[in-house]
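In the working numbering, the protein residues as written are 690 to 821.
We put the CB at the ideal spot given by N, CA and C, even for glycine.
Below is one structure; the comments refer to it alone.
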C-alpha cells in the first residue's frame with residue numbers, strides 16, 4: 690500500500706505470501722488481502738502467478754463496488770479486449786491461466802454465478818495483455 694522500499698519485509702502470518710513494510714501497513718491492507726489470503730492458504734505450496742493474484746483482487750473489488758455516476762471514471766469493463774489479436778499459442782496460455790485462476794479462487798467463488806455480471810475470466814486475462 691505505501692510502496693516504501695525496505696530491505697526486510699514482513700510476511701502475512703497466515704498465508705506467508707503477501708509482504709509488508711510494517712505491521713501498520715499490514716493492518717491497513719487486511720481488508721483487501723483477507724479474501725486473497727484464504728485463497729492463497731488453500732493452494733499452498735503451489736502459489737499462482739502474480740497475474741492470477743491480481744485478477745483475483747480486481748474481482749473482489751468489482752464484487753463490492755457500487756460507485757455513483759459522479760464517482761465513475763473508467764471501469765474494468767471499459768478496457769479493450771485483445772482476444773482477436775491473439776495467436777492460438779497465446780490463447781492456450783490464457784486458457785491455462787484461466788484454469789489456474791479457477792483453482793486459486795475456489796475457496797471464495799465456487800460457481801460462476803458468484804462472479805460479477807457478464808464477467809469472463811478468459812476475456813479478463815486478454816484485457817491485461819496490453820497489445821499494440
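Item                                                                                                                                                                    : Value
Assess contact between the region 764-777 and the region 703-710, defined as three or more Cβ pairs (one per stretch) separated by less than 8 Å. Is contact present?   : no
Closest Cβ-Cβ distance between residue 800 and chain B: below 8 Å?                                                                                                      : The structure shown contains no chain B, having only a single protein chain.
Return the first residue and the last residue of the alpha helix (DSSP H) that residue 749 is part of.                                                                  : 739-753
For residue 728 and residue 798, I'd like the C-alpha separation in whole angstroms.                                                                                    : 10 Å
CB residue 789 to CB residue 747, shorter than 8 Å?                                                                                                                     : no
Between which two residues does the alpha helix (DSSP H) containing residue 786 stretch?                                                                                : 777-794
What did DSSP end up calling residue 700 once you bin it into helix, strand or coil?                                                                                    : strand
So, for residue 750: in the same chain, excluding its five sequence neighbours on each side, which residues have a beta-carbon less than 7 Å away from its beta-carbon? : none
Would residue 716 and residue 769 qualify as a contact pair, given that the criterion is a beta-carbon distance under 8 Å?                                              : no
By the DSSP assignment, the alpha helix (DSSP H) with residue 712 in it spans what residues?                                                                            : 712-731
Less than 7 Å between C-beta atoms, sequence neighbours within five positions excluded: which residues of the same chain meet that for residue 812?                     : 770 and 772
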